[in-house]
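Chains as they are written, first to last, in this note's numbering: chain U, 161 to 436; chain D, 3 to 283.
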């Protein structure tokens, strides 16, 4: 599964070709400002400090992969980005909007930030199509036909149009996760967050999810991804952020972080996962 | 077309006794007395009195479960999601109601509560229904204060139990469902309404089924406050003819059994009908 030889790029399927979007996409005012900006985030659960001053910048069209050992705070960081977890201090900006602002409506900001979960969390009582239309109808206030058309186009995008009327319990793990991605995409998010999207899936099912993610990378979607899939990190990421003990240890392009990390802790981490 | 005259022939050829069995009023008490004895004839003579009691039993079950649901469902939601005083209040009233025998509650609602004040509006409502539907069992003279008191007692006690059914069902829905709903921009209330409650209601059917049976059987407690439901009317009968206790009680038991069995089967059907495909119900 994981990469054996860091020099052997072709074995991983190579880089995913991507069309980089420029600053004139909807919602941006300035090509220079990063789409997502995280400043000095702190978060603790009781006595345990999970995030200790994390800062991060993600430009439009970037694919930032967060890696690190378990307990390093990467999932918490991701959950803070759409305020599923409230931060103790620090600021998060999405474009001009301060996500963490006291007057910011989290429900409005969450529509801009799609999220894909490790345990998928499809609405169990709804069909694949209804999973997607629910948000469009109740949050966006779209008409039934409008929502249905959008849902079907998103299902088609992830290759599951034929399963539109299936319930989650009738789908495979990989199919469920693809519906999960479609559900998030239907809200037209500026950025997509992936919280270990393939961790609950076996390698075969992981691949179909990674394919869909690769397709999003190629379409130029801005993504922040927590994953242990080093193939995806190497092939799809524009940047790797290595976290440990609630801090960003090192950040850089995949090739450098994988092959020539500056910090000893980063090197040790990649060394250990190579010998898994 | 050959079979038509054949059918007509068999109909006329039917033995007269069989026709009497299926056609009410044609089976005479003498016939019952001859074949089953005098005490069964007594039950047969009073069948409409007992069936009238059964109607009251059914009516009381429905009003009690309705009150139980209307109070119990919000109480369950408050216990699962509410905070502060509302939750504490709901919890404590639940503990109180669940910790008090139903007979005690019913005697309280009948003898202590000023039930007359409740009865006025209820009677007005029933009169309204009467006006729309014509006569209903609610207008039977011995239904009134006792019926309202019994509904209050059974309904509030049922609410205390139903709140636990719904609280448990709401709590059993995975937290990830709420997070997923919030992640696409739904408010907490929207998420509860569109994602959590539809799943929780499906899961609460077995518990509700149990509660339905319990309330139906416990309507017999209203005997204690003199409400003319099935057991009270059975008692009226066998105190009149004490040799017929076995026959009267067997007949009443049969009626209770038919009621619980058929409602359980109906709820099984409802449960299967609304089950999410692919999930075990």
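Positions of the beta carbon are idealized from the N, C-alpha and C atoms, including for glycine.
Cβ of residue i less than 8 Å from any chain D Cβ?
i, result
"residue 271 of chain U", "yes"
"residue 238 of chain U", "no"
"residue 298 of chain U", "yes"
"residue 283 of chain U", "yes"
"residue 330 of chain U", "yes"
"residue 343 of chain U", "yes"
"residue 383 of chain U", "no"
"residue 355 of chain U", "no"
"residue 267 of chain U", "yes"
"residue 279 of chain U", "yes"
"residue 319 of chain U", "no"
"residue 333 of chain U", "no"
"residue 196 of chain U", "no"
"residue 376 of chain U", "no"
"residue 420 of chain U", "no"
"residue 373 of chain U", "no"
"residue 347 of chain U", "yes"
"residue 275 of chain U", "yes"
In its own chain, which residues sit with a C-beta less than 6 Å from the C-beta of residue i, not counting the 5 before and 5 after it?
i, result
"residue 75 of chain D", "168"
"residue 270 of chain U", "242"
"residue 117 of chain D", "147, 150 and 151"
"residue 368 of chain U", "334"
"residue 162 of chain D", "96, 99 and 100"
"residue 269 of chain D", "211"
"residue 244 of chain U", "none"
"residue 216 of chain U", "198"
"residue 155 of chain D", "107, 108 and 111"
"residue 240 of chain D", "246, 247 and 250"
Establish whether the CB of residue i and some CB of chain U are separated by less than 8 Å.
i, result
"residue 82 of chain D", "no"
"residue 108 of chain D", "no"
"residue 213 of chain D", "no"
"residue 278 of chain D", "yes"
"residue 281 of chain D", "yes"
Let me know the secondary structure DSSP gives residue i once reduced to three states.
i, result
"residue 277 of chain U", "coil"
"residue 83 of chain D", "helix"
"residue 283 of chain U", "coil"
"residue 238 of chain D", "helix"
"residue 257 of chain U", "strand"
"residue 388 of chain U", "coil"
"residue 278 of chain D", "coil"
"residue 399 of chain U", "strand"
"residue 175 of chain D", "coil"
"residue 381 of chain U", "coil"
Within 10 angstroms of the Cβ of residue i, are there 16 or more other Cβ atoms? Answer buried if so, exposed if not.
i, result
"residue 153 of chain D", "buried"
"residue 298 of chain U", "buried"
"residue 94 of chain D", "exposed"
"residue 201 of chain U", "buried"
"residue 305 of chain U", "exposed"
"residue 64 of chain D", "exposed"
"residue 295 of chain U", "buried"
"residue 357 of chain U", "buried"
"residue 72 of chain D", "exposed"
"residue 291 of chain U", "buried"
"residue 12 of chain D", "Only weak support is given to the placement of residue 12 of chain D: the predicted model assigns it a pLDDT of 40, under 50, and the value that follows is read from those uncertain coordinates. Label assigned to residue 12 of chain D: exposed."
"residue 413 of chain U", "exposed"
"residue 328 of chain U", "buried"
"residue 280 of chain U", "buried"
"residue 113 of chain D", "exposed"
"residue 48 of chain D", "buried"
"residue 423 of chain U", "exposed"
Any heavy atom of the ligand SAH closer than 7 Å to the Cβ of residue i?
i, result
"residue 242 of chain D", "Summarising the ligand content, the structure contains no ligands, and the ligand SAH is consequently not present."
Sorted by chain position, which residues of the same chain lie with C-beta nearer than 8 Å to residue i's C-beta, five sequence neighbours on each side aside?
i, result
"residue 226 of chain D", "105, 108 and 109"
"residue 1 of chain D", "No information on residue 1 of chain D is available, as it lies outside the stretch 3 to 283 that chain D covers here."
"residue 408 of chain U", "214, 215, 216, 401 and 402"
"residue 202 of chain D", "168, 171, 172, 174 and 175"
"residue 189 of chain D", "none"
Using C-beta distances below 7 Å, list every residue in its chain close to residue i, excluding the 5 sequence neighbours before and after it, in chain order.
i, result
"residue 159 of chain D", "99, 104 and 107"
Discussion item. Give me the subset of the region 192-210 of chain D whose CB atoms are less than 9 Å from a CB atom of chain U, sorted by chain position.
Written reply: Here the close residues are 192, 195, 196, 197, 200, 201 and 204.
Worksheet item: Any residues in the region 176-193 of chain D with a beta carbon nearer than 8 Å to a beta carbon of chain U? Which ones, in chain order?
Response: Only those residues of the region 176-193 of chain D whose C-beta falls short of 8 Å from the nearest C-beta of chain U are listed: 176, 178, 179, 181, 182, 183, 184, 185, 186, 187, 188, 189 and 192.
Worksheet item: According to a CB-to-CB cut-off of less than 8 Å, which residues of the region 242-262 of chain U neighbour chain D?
Response: If the cut-off is 8 Å between Cβ atoms, the region 242-262 of chain U has 242 and 244 near chain D.
Fill in: Chain-ordered residues of the region 287-315 of chain U with a beta carbon less than 7 Å from chain D
Correct list: 294, 295, 298 and 299.
Worksheet item: Between the region 205-231 of chain U and chain D, which residues of the former have CB atoms less than 8 Å from a CB of the latter, in chain order?
Response: If the cut-off is 8 Å between Cβ atoms, the region 205-231 of chain U has nothing near chain D.
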